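Per the numbering used here, the sequence shown starts with residue 8, numbered consecutively. The structure appears below as structure tokens.
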Amino acid sequence: MNSSTSPHLAGHLLVRCLIEQGVTHTFGVPGESFLAVLDGFYQYRDQIQFVINRQEGGAAFMAEAHGKLTRRPGVCFVTRGPGATNASIGVHTAYQDGTPMVLFVGDVASDTRDREAFQELNYLSFFGPSTRGLAKLVERIDDARRIPEYVARAFATAMNGRPGPVVLVLPEDMLAQVMSSEAGLPQVMPRVAAVEAEIGTKPLLLLGEMLLKAKRPLVIAGGSGWSPQAAQALQQFAEHWQLPVGNAFRFQDTFDNHHQLYAGDVGLGINPRLAKRIQDSDLILAIGARLGEITSGGYTLIQSPRPKQKLVHIHASAEELNRVFQADLAIQASVTSAAAALKDLPAPAELPWASWATDSHADYLANLQPSHIADLPQDSAQGLVNMPRIIAVLQQHLPQDAVLTNGAGNFASWLHRYFRFHGLAKGHKTQLAPTNGAMGYGVPAGIAAAITTGRTAFTIAGDGDFLMNGQELATAVQHGAKSIILLLNNGMFGTIRMHQEREYPQRVAGTPLANPDFCALAQAYGYASVCIDRSEDFEEELLTALARPQGTLIELRLDPQAISTRGSLNSITQSALARQLG
8 MNSSTSPHLA GHLLVRCLIE QGVTHTFGVP GESFLAVLDG FYQYRDQIQF
58 VINRQEGGAA FMAEAHGKLT RRPGVCFVTR GPGATNASIG VHTAYQDGTP
108 MVLFVGDVAS DTRDREAFQE LNYLSFFGPS TRGLAKLVER IDDARRIPEY
158 VARAFATAMN GRPGPVVLVL PEDMLAQVMS SEAGLPQVMP RVAAVEAEIG
208 TKPLLLLGEM LLKAKRPLVI AGGSGWSPQA AQALQQFAEH WQLPVGNAFR
258 FQDTFDNHHQ LYAGDVGLGI NPRLAKRIQD SDLILAIGAR LGEITSGGYT
308 LIQSPRPKQK LVHIHASAEE LNRVFQADLA IQASVTSAAA ALKDLPAPAE
358 LPWASWATDS HADYLANLQP SHIADLPQDS AQGLVNMPRI IAVLQQHLPQ
408 DAVLTNGAGN FASWLHRYFR FHGLAKGHKT QLAPTNGAMG YGVPAGIAAA
458 ITTGRTAFTI AGDGDFLMNG QELATAVQHG AKSIILLLNN GMFGTIRMHQ
508 EREYPQRVAG TPLANPDFCA LAQAYGYASV CIDRSEDFEE ELLTALARPQ
558 GTLIELRLDP QAISTRGSLN SITQSALARQ LG
């Protein structure tokens, strides 16, 4: 039977299952191991789109970004062996970020399995599962008739509890099976919804009692699963109780940065005043955040295993509670149900921490004022770019619903400190950033956002970061998507150079970069491009990029001394040398 005309091909059944789950876009690199699925994408091309990527790492990042944006599993297809290992970076990102995702891996045929066949790999060993692995669940589908069962379970597992990635392995001969209608075709399983664990009356009352006894409470909100409605409910709760709210690392859009109760970003380069407030707090209410190493300040701001502050920890996963931090009150509840319950928790007429909340926001506003870096010359004709000025231009001109993306590197610190993210409470997720610190994330994440939402997608990248997935500009052009990329070129792996100078000053190894002509490279892919080295030229180029129908790369040549928001590279070196002499 011709597979292109057969409605009963197993690969087609898999695609029908995805459509039933509400999947509109999948991302991947084609492989001969799942040709039957590709044929299914052709068969149902009016209902689902296969976004063709140029490298599996970029595809997995796009799927992860899609999962963040939709709160439904992002879907990625790769081939066996090298395809799966390339995609693993996106799986790790989805795990640490708590993003629902399903990775489908085309595999060797069943009759060649366990012989180290061409590109064969043991996926259960490679991907995990558990917190020491990469995925929540790894399964192999050997019986084509059970495809609906496995797909439904994968989506449920990816969304329930702490969301995360699931890997489904697909033997190529299984996908090519033709199922007889005479025996009864498998029924596609209905759309799976996440189970919303309720907060419960007793824990809610205990939480209220702890709040009434507090003098310096502080909320840390973050993690995945936040809907606009949940964010609005969190905002109402904070307003009723006049609670200062900080956002966990790289979940800066959980609580609106423009709100008068916003206390700041609890992440890398944290405002020292906010760090002090966390330490001085007598009650921390963590909602949705797992309080990882970065958010907890290396387990010092919030100490493990027993914090010195009273800790109420609300998380959707029972396994996450009391795993790293022994909480005074641990509550298993989804952020949606928790926020809905908290907004109705009655607050007293007078609260003893009114000035604490007001001062917390004042500290945040003060941190928006650029730090004076003594040995850094001002923006001038010599070409030094003033990064706070650049971020101010972004704040002024990007639409309120723009999606801002970044990978990992010191370049992101300018965005994290100075940009005021519009919160989910206003209706849209506006930040896509990897909490696992994966370089190369921002470019494909921005392109995925542009393809699937149509909103303005703005990416900030470093020179080293960009070259890890810059090939996905071809994906953007092929699929008619537009992103704007601000590429900060300082000719080095800046984050590592900063740490290098701090630990081994003036002993530079492994961090200088010889870069290509980024503008010519972008143009070769089909993007418009421009190179500037003065802040005053940025506004015009940004406005032009926003109006242009095609994507744009704006390269800023950044002085290597502009290494962080609080100090120069030279000041780090001199401090390290002084420490050695002392």
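For each residue, glycine too, the CB sits at the ideal point set by N, CA and C. Since the structure is predicted, the reported quantities are computational estimates derived from the model, not experimental observations.
My guess is that residue i and residue j are in contact by the Cβ rule of under 8 Å, so how many angstroms apart are they, rounded?
i, j, result
"Val640", "Val226", "Residue 640 is absent from the structure shown; the chain starts at 8 and stops at 589."
"Ala445", "Thr100", "5 Å"
"Val98", "Pro178", "That belief does not hold up - the Cβ atoms of Val98 and Pro178 are roughly 20 Å apart, past 8 Å."
"Leu550", "Leu493", "Not quite, the Cβ-Cβ distance comes to about 14 Å (not below 8 Å), so this is no contact."
"Thr412", "Gly449", "4 Å"
"Leu336", "Phe418", "Going by Cβ atoms, the distance from Leu336 to Phe418 rounds to 39 Å, so no, they are not a contact pair."
"Leu213", "Val109", "With a Cβ gap of about 37 Å, Leu213 and Val109 do not count as contacting."
"Leu268", "Ala364", "6 Å"
"Glu205", "Ser344", "5 Å"
"His32", "Gln259", "Contact flag wrong, Cβ pair sits at about 25 Å."
"Val342", "Gly230", "7 Å"
"Ala66", "Ala94", "7 Å"
"Ser571", "Gly276", "7 Å"
Spatial neighbours of residue i within its chain, please: CB distance less than 6 Å, with the 5 preceding and 5 following residues excluded, ordered by chain position.
i, result
"Ile491", "Phe465, Ala552, Thr559"
"Pro136", "Ala142, Lys143, Leu144, Val145"
"Thr442", "Gln103, Asp104, Phe256, Arg257"
"Ala201", "Met166, Asn167"
"Thr463", "Pro406, Ala409"
"Leu349", "Phe244"
"Thr208", "none"
"Gly81", "Ala70, Glu71, His73, Gly74, Met108"
Is any non-hydrogen atom of the ligand MG found closer than 6 Å to the C-beta of residue i, if you look at the structure I gave you?
i, result
"Val400", "Summarising the ligand content, the structure contains no ligands, and the ligand MG is consequently not present."
Classify residue i: buried if its beta carbon has 16 or more other beta carbons within 10 angstroms, exposed otherwise.
i, result
"Pro519", "exposed"
"Gln389", "Low per-residue confidence applies at Gln389: pLDDT is 49, beneath 50, and the placement is therefore not dependable enough to give any value."
"Leu584", "exposed"
"Leu312", "The displayed chain sequence assigns Pro, not Leu, to residue 312. Exposed, because fewer than 16 other Cβ atoms sit within 10 Å of the Cβ of Pro312."
"Gly35", "buried"
"Asn129", "exposed"
"Glu479", "buried"
"His265", "exposed"
"Glu510", "exposed"
"Thr106", "buried"
"Asn1", "Because residue 1 is not part of the residues shown, which for the chain are 8 to 589, the question remains open."
"Asp118", "exposed"
"Glu357", "exposed"
"Glu327", "buried"
"Ser132", "exposed"
"Gln513", "exposed"
"Asp272", "buried"
"Ala531", "exposed"
"Tyr534", "buried"
"His322", "buried"
"Glu63", "buried"
"Arg122", "exposed"
In chain order, what residues of the same chain have a beta carbon less than 8 Å from the beta carbon of residue i, not counting five sequence neighbours either side?
i, result
"Gly29", "Arg79, Arg198"
"Asn577", "Asp382, Gln568"
"Asp149", "Ser117, Pro178, Met181"
"His379", "none"
"Val484", "Tyr532, Gly533, Tyr534, Gln557, Gly558"
"Val85", "Gly35, Val36, Gly38, Glu63, Ala66, Ala67, Ala91, Asn93, Ala94, Leu110, Phe111, Val112, Gly113"
"His15", "Val185, Met186, Ser187, Ser188, Leu192"
For residue i, I'd like the list of residues in its chain whose CB is within less than 7 Å of its CB, leaving aside the five on either flank, ordered along the chain.
i, result
"Pro523", "none"
"Leu565", "Val392, Leu495, Asn496, Asn497"
"Lys1", "Examination of residue 1 is not possible in this model, given that the chain is present from 8 through 589 alone."
"Phe500", "Gly471, Thr518, Leu520"
"Gln3", "The structure shown does not extend to residue 3, since the chain is modelled only from 8 to 589, so the question has no answer here."
Exercise for review: Would you be able to state if there are at least three C-beta pairs under 8 Å between the region 443–458 and the region 71–79?
Suggested key: yes
Point to revise | Complete runs of the beta strand (DSSP E) confined to the region 397–423 [at least 3 residues] | key: 410–413
Review point. Would you call the region 180–194 and the region 278–292 in contact, with 3 or more CB pairs under 8 Å?
Key: no
Review point. Pairing CB atoms from the region 497–510 with CB atoms from the region 79–92, are three or more of them under 8 Å?
Key: no
Check your understanding: When the Cβ atoms of the region 426–433 are set against those of the region 54–65, are three or more pairs found closer than 8 Å?
Key -> no
Check your understanding: At what residue ranges does the region 461–544 contain a whole run of the beta strand (DSSP E), taking only runs of 3 or more?
Key -> 464–469, 491–496, 535–539
Point to revise | Within the region 300–328, ranges of the alpha helix (DSSP H) (whole runs, at least 4 residues) | key: none
Point to revise | Segments assigned beta strand (DSSP E), at least 3 residues, entirely inside the region 74–103 | key: 81–85
Check your understanding: On the three-pair Cβ rule with 8 Å, is the region 146–158 touching the region 16–32?
Key -> yes
**Study point:** the region 290–298 / the region 213–226 touching (three or more Cβ pairs under 8 Å)
**Key:** yes
Practice item. Starting from the N-terminal side, write out each stretch of the beta strand (DSSP E) that is 3 residues or longer and does not extend beyond the region 229–291. Key: 252–255, 269–273
Check your understanding: What residue ranges within the region 110–152 form continuous alpha helix (DSSP H) runs of no fewer than 4 residues, ordered along the chain?
Key -> 130–134
Practice item. Flag this pair as touching only if the region 313–327 and the region 364–375 have three or more C-beta atom pairs under 8 Å; answer yes or no. Key: no
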